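In my numbering, the protein residues as written are 4 to 84.
All C-beta atoms in this analysis are idealised placements derived from N, C-alpha and C, irrespective of residue type, glycine included.
All of these numbers come straight from a predicted model, not from anything done at the bench.
Take a look at the structure below.
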Amino acid sequence: MDFPFENYERMADFMRRCKGRVMVSINDHPDIRQVFEGFHTQRLDIRYSTTNQRQGQAEVTGELLISNWEPAALGDLLSGA
Numbered sequence: 004m005d006f007p008f009e010n011y012e013r014m015a016d017f018m019r020r021c022k023g024r025v026m027v028s029i030n031d032h033p034d035i036r037q038v039f040e041g042f043h044t045q046r047l048d049i050r051y052s053t054t055n056q057r058q059g060q061a062e063v064t065g066e067l068l069i070s071n072w073e074p075a076a077l078g079d080l081l082s083g084a
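Structure, rendered in structure tokens:
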């Protein structure tokens, strides 16, 4: 599915203007971090469950949670513990 980078920029602009709470989960990448600079971010290590059976265990990849609000209100819900 085609998702031009400009859509991430539009998403960040929307999050800046939105009066409600917005949280997105996106693959961690320096360009993504730059577009969403100034927001609350948390990096999570994710191991996707769909793998090639010949490869064995799935590799860990970085996922970035980005929100326009302080997620501390959730306590340790997002800590991975």
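Residue i, buried or exposed, once every other Cβ within 10 Å from all chains shown has been counted against 16
i                : result
methionine 4     : exposed
serine 28        : exposed
phenylalanine 39 : buried
alanine 61       : exposed
Rounded Cβ spacing between residue i and residue j (contact assumed at less than 8 Å)
i          : j            : result
proline 74 : glutamine 37 : About 21 Å; that fails the 8 Å criterion.
Proximal residues to residue i (C-beta, below 8 Å), its chain only, five neighbours per side dropped
i            : result
histidine 43 : Ile69, Ser70, Asn71, Trp72, Glu73 and Pro74
Residue i - partner residues in DSSP beta bridges
i            : result
arginine 19  : According to DSSP, which records beta bridges pairwise, arginine 19 is partnered with nothing at all.
glutamine 45 : Leu68
Coarse secondary structure for residue i, derived from DSSP in three states
i             : result
glutamine 37  : helix
glutamate 66  : strand
methionine 14 : helix
Contacts around residue i, its chain only, beta-carbon distance under 6 Å, and the 5 residues preceding and following it disregarded
i           : result
valine 25   : Met18 and Asn71
tyrosine 51 : Ala61
alanine 15  : Val38 and Phe39
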